[in-house]
Amino acid sequence: MNEVFSIRQIFEGKWTQGAIPLVLLVALLLIIEIAAPGFLTGETLALLFANTAVLFILATGVTFAILLGGIDLSIQAVASLASVMLAQLLPTLGFAAFPVAILSGLAFGLLSGIVHVKLRVPSFVATLATGGVVAGGQG
Numbered sequence: 255m256n257e258v259f260s261i262r263q264i265f266e267g268k269w270t271q272g273a274i275p276l277v278l279l280v281a282l283l284l285i286i287e288i289a290a291p292g293f294l295t296g297e298t299l300a301l302l303f304a305n306t307a308v309l310f311i312l313a314t315g316v317t318f319a320i321l322l323g324g325i326d327l328s329i330q331a332v333a334s335l336a337s338v339m340l341a342q343l344l345p346t347l348g349f350a351a352f353p354v355a356i357l358s359g360l361a362f363g364l365l366s367g368i369v370h371v372k373l374r375v376p377s378f379v380a381t382l383a384t385g386g387v388v389a390g391g392q393g
């Protein structure tokens with residue numbers, strides 16, 4: 255297995271397609287570190303990861319819908335509703351507020367799914383409408 259690769263073979267390979275975002279991320283981090291020395295400290299990175307954890311979880315969840323050829327435009331409104339419900343119910347219900355908030359998000363996700371699958375409404379329209387209903391109900 256002593257294969258010799260040329261530079262051209264390396265850059266034409268399929269593995270490079272997956273590596274391009276990683277290379278761009280490293281390049282971006284280096285540029286930011288040069289522009290703002292001290293950016294890549296442990297404290298800054300910990301704050302960055304803590305502030306983006308919720309977005310990462312939401313993006314991970316919506317990835318499955320995108321991989322299946324759909325889209326979920328209601329995720330932001332439903333996540334906002336669940337977080338507001340949690341904040342409102344936590345003082346009175348304690349830890350029981352967590353399942354209530356999760357079930358509220360699940361209910362609206364189920365509603366979007368039923369509208370999309372049973373009524374054959376495109377996922378774009380179904381989730382946009384669900385997001386509008388949820389956001390309208392919050393105001």
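The sequence shown begins at 255 in the numbering used here and counts up by one.
No residue lacks a Cβ here, since even glycine has one placed at the ideal position from N, Cα and C.
Just so we're clear, the structure is a prediction, and the values are computed from it rather than from any experiment.
Whether Ser366 touches Ser328 by CB criterion (8 Å):
Between Ser366 and Ser328, the CB-CB gap stays under 8 Å.
With 16 other Cβ atoms within 10 Å as the buried cut-off, status of Ser377:
Answer is buried; the Cβ neighbour count reaches 16.
Can you tell me whether Leu322 is helix, strand or coil according to DSSP?
Residue state for Leu322 is assigned as coil, using DSSP reduced to three classes.
Distance, Cα to Cα, Ser334 vs Ala304?
For the pair Ser334 and Ala304, the Cα-to-Cα distance works out to about 18 Å.
N- and C-terminal bounds of the alpha helix (DSSP H) containing Leu335:
Start and end: Ile329 to Leu347.
Leu373 - containing alpha helix (DSSP H), residue span:
Neither: Leu373 is in no alpha helix (DSSP H) and is coded neither H nor E.
Option in Ala290, Val332, Val375 and Gly296 with minimal Cα separation from Val387:
For Val387, the nearest C-alpha among the options comes from Val332.
Kindly indicate which residue of Ala273, Thr346, Gln330 and Pro275 has the alpha-carbon position closest to the one of Leu309.
Of Ala273, Thr346, Gln330 and Pro275, the residue nearest in Cα terms is Gln330.
Three-state secondary structure assigned by DSSP to Gly292:
Under the three-state reduction of DSSP, Gly292 is assigned to coil, being neither helix nor strand.
Looking only at its chain, what residues have a beta carbon closer than 7 Å to the beta carbon of Ala380, apart from the 5 residues adjacent to it on each side?
These residues qualify, in order along the chain: Ser366, Val369 and His370.
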